[in-house]
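See below for the structure under consideration.
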Amino acid sequence: FISSYPLSESQEQVLSKGLNLVPSPRSLPVLDLVASLEHSLEHVDPHHSNVIKHGISHILSHYKFKPQHNLTPFERSTLNQLRSNPDLIITRADKGNVVVLLDSSKYKETVLALLSNSHLYKPLRSDPTSRLRKDLRSLLDSFALETQDAELSKIHKHLRFSSNIRPPELYCLPKIHKPDIPLRPIVSSYNSIVSELCNYLNETLRPLTGHLPSHVPNSTTFCSEIRQITLSPDDYLVSYDTKGAPMGSPLSPILAHIFMEHLEKLAFSTADPSILPSFFKRYVDDIFAITKKGTETSFLHHLNSLFPNQITFTMEVESQSRLSFLDILILKGSSSLHTTVYRKPTHSDKYLHFNSHHPKSVKIGIISNLVNRALSICEPQYLPTELQHIENVLLKNGYPRRLIRSVVQKRVHQPSQHNSRHQGLPTLVVPYIHGISERLMVLAKTLNFRLFFKSSSNLRSILRNDLIKLPPSEKPGIVYEVKCDCSASYIGETGFTLRHRYKQHVQVLKRLLAAKWKLLCTRVDSEKESQKKIIEQCKKDTQYSLKLLKGCSVPYSNHSNVEE
Numbered sequence: 058f059i060s061s062y063p064l065s066e067s068q069e070q071v072l073s074k075g076l077n078l079v080p081s082p083r084s085l086p087v088l089d090l091v092a093s094l095e096h097s098l099e100h101v102d103p104h105h106s107n108v109i110k111h112g113i114s115h116i117l118s119h120y121k122f123k124p125q126h127n128l129t130p131f132e133r134s135t136l137n138q139l140r141s142n143p144d145l146i147i148t149r150a151d152k153g154n155v156v157v158l159l160d161s162s163k164y165k166e167t168v169l170a171l172l173s174n175s176h177l178y179k180p181l182r183s184d185p186t187s188r189l190r191k192d193l194r195s196l197l198d199s200f201a202l203e204t205q206d207a208e209l210s211k212i213h214k215h216l217r218f219s220s221n222i223r224p225p226e227l228y229c230l231p232k233i234h235k236p237d238i239p240l241r242p243i244v245s246s247y248n249s250i251v252s253e254l255c256n257y258l259n260e261t262l263r264p265l266t267g268h269l270p271s272h273v274p275n276s277t278t279f280c281s282e283i284r285q286i287t288l289s290p291d292d293y294l295v296s297y298d299t300k301g302a303p304m305g306s307p308l309s310p311i312l313a314h315i316f317m318e319h320l321e322k323l324a325f326s327t328a329d330p331s332i333l334p335s336f337f338k339r340y341v342d343d344i345f346a347i348t349k350k351g352t353e354t355s356f357l358h359h360l361n362s363l364f365p366n367q368i369t370f371t372m373e374v375e376s377q378s379r380l381s382f383l384d385i386l387i388l389k390g391s392s393s394l395h396t397t398v399y400r401k402p403t404h405s406d407k408y409l410h411f412n413s414h415h416p417k418s419v420k421i422g423i424i425s426n427l428v429n430r431a432l433s434i435c436e437p438q439y440l441p442t443e444l445q446h447i448e449n450v451l452l453k454n455g456y457p458r459r460l461i462r463s464v465v466q467k468r469v470h471q472p473s474q475h476n477s478r479h480q481g482l483p484t485l486v487v488p489y490i491h492g493i494s495e496r497l498m499v500l501a502k503t504l505n506f507r508l509f510f511k512s513s514s515n516l517r518s519i520l521r522n523d524l525i526k527l528p529p530s531e532k533p534g535i536v537y538e539v540k541c542d543c544s545a546s547y548i549g550e551t552g553f554t555l556r557h558r559y560k561q562h563v564q565v566l567k568r569l570l571a572a573k574w575k576l577l578c579t580r581v582d583s584e585k586e587s588q589k590k591i592i593e594q595c596k597k598d599t600q601y602s603l604k605l606l607k608g609c610s611v612p613y614s615n616h617s618n619v620e621e
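Everything in the sequence shown is counted per our numbering, starting at 58 for the first residue and increasing by one.
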């Protein structure tokens, strides 16, 4: 389904830039830069850290910031109009980097219908996050003690000093390449009680998978293997696909991998030998097979009989001696297979726009990745056509022809090399700021440290409204300010939520008053009135430690502060 909301020409024009475009900053984000710098240098040798800080301070003090706008004031106004429309959901397609507009009511109706599947989802009477956090802490405590695993101890410590963590949240992406445009569920477990544990388990389980002969690690290996096949006259190209588990958790791919390996062993051990494929390759839950013509449907029925209530396979067969698999188009010759790059019909050919506020290295990397894919997938007879397509597409995305051809020539004549000489050096991750960041890169080579950039909010994060927005009092990990009537203030920080911290302050003050202590210029108001004026949150940041560092700069702008 697509939204019935009619777009104006200006709205369509700004959305055509792509949801990954990052607007350039209108002012110098000094606070973000300094907080990121302090966070990155936290565990660096003090002498080296001071030298780096001095060098960066010198650059900042001598640089005159001049905004270079990549959006006009009218385009920014257009974005605000789109963001303020409650009847519209602006998201991206599941594949193809396509901007999709959905009617909010229709989206919610479809998601609720998806959740009504009792085989996959079960409603809960209340949020179990706090109880699960307590149970998980207890388990991790015993496991960490038994195994002496430092990572488990670290996760336990994180849970101990965090409270009221958000439960995982579900949102959906439209699969516009499928009939009737179904939704792919994404369960975002970022910053949930299990997010760090899932990362740990993912790394622990990964070495246990990928040992079957059918395993496909990447497109390059797959292309190399199928080019060695000699076909028989009755060989038939088939791909099998399945409705995957909801994505979003770091564990989703590895659990799918483990399950599919189990299913594969079961399928081959229980099937009639006459219907088994002669060639079988699998990338997680995507399967490519070569069968004898007429047996492909029997093998599909066999796959679907293994776990009928949990998983359903679909099948696609070769058409005009062609079949797509992953990002590869497989072309069937008289006795051999050939490969070139495949794009779905719904692919938008949209990549990061050249005007996006990103480092030039990122844009060069996009060109390089497209060329590298062409070199690894395309056979020589198809390579010139693919390289010309890459140039035409990137020109439409604002890339200069001269830059495109320069990178293409370099990639074609010089294989990719991995540079490891910078390993072990201090690593700084700071916001990208055009003009300043380029000077910091020169400084990094001089002072011997690694430098990485993070981008600001892109159009997707600015426009999206398919996630629940918590009020400030319910967000964990904050820096806050308590103001007094006498103009003094108290700057505090907590890994808990504002509501939880407020209750702690009230309890402490009540104990002090009960003991007849006098606290300068502080009094206990009613909860309703106090909560209105107690907190002014600092800028929202993904990492709590960055919020804390930003909060440390607040007292310097205040004339009177009460210290703890």
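Even for Gly, the Cβ is constructed at its ideal location relative to N, Cα and C.
Since the model is a prediction, treat every value here as computed from it, not as a measurement.
Beta-carbon proximity check, residue i vs residue j, cutoff 8 Å
| i | j | result |
| --- | --- | --- |
| residue 36 | residue 252 | No answer is possible for residue 36: the residues shown for the chain start at 58 and end at 621. |
| residue 361 | residue 176 | no |
| residue 392 | residue 288 | yes |
| residue 343 | residue 298 | yes |
| residue 462 | residue 432 | no |
| residue 75 | residue 409 | yes |
| residue 464 | residue 425 | yes |
| residue 149 | residue 517 | yes |
| residue 395 | residue 489 | no |
| residue 193 | residue 209 | no |
| residue 127 | residue 86 | no |
DSSP state of residue i mapped onto helix, strand, coil
| i | result |
| --- | --- |
| residue 369 | coil |
| residue 347 | strand |
| residue 559 | helix |
| residue 339 | strand |
| residue 100 | coil |
| residue 247 | coil |
| residue 382 | strand |
| residue 229 | strand |
| residue 74 | coil |
| residue 272 | strand |
| residue 254 | helix |
| residue 282 | helix |
| residue 426 | helix |
| residue 612 | Because residue 612 carries a pLDDT of 47, less than 50, the predicted location of this residue cannot be relied on, and no value is offered for it. |
| residue 64 | coil |
| residue 24 | With the chain running from 58 to 621 in the structure shown, residue 24 is simply not present. |
| residue 125 | coil |
| residue 328 | coil |
| residue 316 | helix |
| residue 361 | helix |
| residue 59 | coil |
| residue 504 | helix |
| residue 532 | coil |
| residue 267 | coil |
| residue 81 | coil |
For residue i, the nearest candidate out of the options (CA to CA)
| i | options | result |
| --- | --- | --- |
| residue 153 | 234, 192, 126 | 234 |
| residue 108 | 508, 510, 500 | 500 |
| residue 483 | 508, 201, 443 | 508 |
| residue 311 | 259, 525, 333 | 259 |
| residue 69 | 465, 155, 451, 423 | 155 |
| residue 363 | 339, 374, 264, 328 | 328 |
| residue 313 | 215, 190, 267, 541 | 267 |
| residue 555 | 545, 537, 566, 546 | 537 |
| residue 401 | 380, 97, 390, 206 | 380 |
| residue 558 | 453, 539, 543, 200 | 539 |
| residue 242 | 230, 250, 248 | 230 |
Residues bridged to residue i (per DSSP)
| i | result |
| --- | --- |
| residue 549 | 537 |
| residue 400 | For residue 400, which the question treats as bridged, DSSP gives no partner whatsoever. |
| residue 292 | 349 |
| residue 389 | 394 |
| residue 487 | 510 |
| residue 297 | 344, 372 |
| residue 242 | 229 |
| residue 304 | 243 |
Considering only residues of the segment 127-193, which uninterrupted alpha helix (DSSP H) runs meet the minimum length of 4 residues and lie entirely inside it, listed in chain order? 130-140, 161-172
Minimum length 4: unbroken alpha helix (DSSP H) runs contained in the segment 440-485: 440-453, 458-470
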